[in-house]
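J.: Structure incoming, see below.
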Amino acid sequence: MEKTKTTVHIGGRDYTMVGVESEEHIRRVAVYVDRKMEELTLATRLPQPMVAVLTALNIADDLIKAQDENTRLRRELLEAKVPSVSRKAKKAEDKAADKAEETTEP
1 MEKTKTTVHI GGRDYTMVGV ESEEHIRRVA VYVDRKMEEL TLATRLPQPM
51 VAVLTALNIA DDLIKAQDEN TRLRRELLEA KVPSVSRKAK KAEDKAADKA
101 EETTEP
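Here you go:
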């Protein structure tokens with residue numbers, strides 16, 4: 001897979017990023033991180049290294065919450081499908097039983 005090399009601006013500094021994602025994707029990620037860092041910078045008077053660490057922690061927290069929500073929704077979807085599948089299986093069983101009765105009746 002071809003690697004993409006892109007220069008991005010985060011926290012007042014330029015970084016050259018290399019990855020397999022598209023340039024557009026890399027830039028979107030960088031803009032997101034830069035905005036999150038800017039929010040913390042404006043809300044606090046913390047030094048830049050601490051802002052970077054807190055930004056990483058906040059983004060990781062958001063990711064874990066999103067993963068948990070994804071898991072919960074998948075579980076709900078599966079639980080919603082099970083009764084539907086069970087009903088369909090029951091109908092198929094009943095239909096097969098009816099056919100079996102028809103073929104065994106004299």
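The numbering of the sequence shown is full-length UniProt numbering, which starts it at 1 and goes up by one.
Note that CB positions come from ideal geometry on N, CA and C, so glycine has one too.
None of these values were measured; they are calculated from a predicted model.
1. From the DSSP output, in three-state form, read off residue 17 for me.
2. So is residue 7 buried or exposed if we call it buried at 16+ other beta carbons inside 10 Å?
3. DSSP three-state label for residue 44, please.
4. Could you give the distance in angstroms between the alpha-carbon of residue 72 and the alpha-carbon of residue 5?
5. Are the beta-carbon atoms of residue 40 and residue 63 separated by less than 7 Å?
6. Leaving out five residues on either side along the sequence, give the residues of the same chain with a beta carbon under 8 Å from the beta carbon of residue 14.
7. Please report how far the alpha carbon of residue 34 lies from the alpha carbon of residue 90, in whole angstroms.
8. Applying the criterion that 16 or more other CB atoms from any shown protein chain within 10 Å of the CB defines a buried residue, is residue 37 buried or exposed?
T.: On the basis of the data shown:
1. Indexing the sequence shown from 1 puts residue 17 at position 17. Residue 17 falls in the strand class under three-state DSSP.
2. Counting from 1 along the sequence shown, the entry for residue 7 is found at position 7. Residue 7 comes out exposed.
3. As a first step, residue 44 is located in the sequence shown; it is residue number 44 there, counting from the start. Looking at residue 44 - three-state DSSP - the assignment turns out to be coil, as it is neither helix nor strand.
4. Within the sequence shown, numbered from 1, the residue matching residue 72 stands at position 72. Within the sequence shown, numbered from 1, the residue matching residue 5 stands at position 5. Spanning the two alpha carbons is a distance of roughly 37 Å.
5. Taking the first residue of the sequence shown as position 1, residue 40 is located at position 40. Taking the first residue of the sequence shown as position 1, residue 63 is located at position 63. Against a cut-off of 7 Å, the Cβ pair of residue 63 and residue 40 comes out as no contact.
6. The residue labelled residue 14 in the question sits at position 14 within the sequence shown. 7 and 8.
7. Position 34 of the sequence shown, counted from the first residue, corresponds to residue 34. Position 90 of the sequence shown, counted from the first residue, corresponds to residue 90. Residue 34 and residue 90: Cα-Cα distance of roughly 55 Å.
8. By one-based count along the sequence shown, residue 37 stands at place 37. The residue in question, residue 37, is buried, as its Cβ has 16 or more Cβ neighbours within 10 Å.
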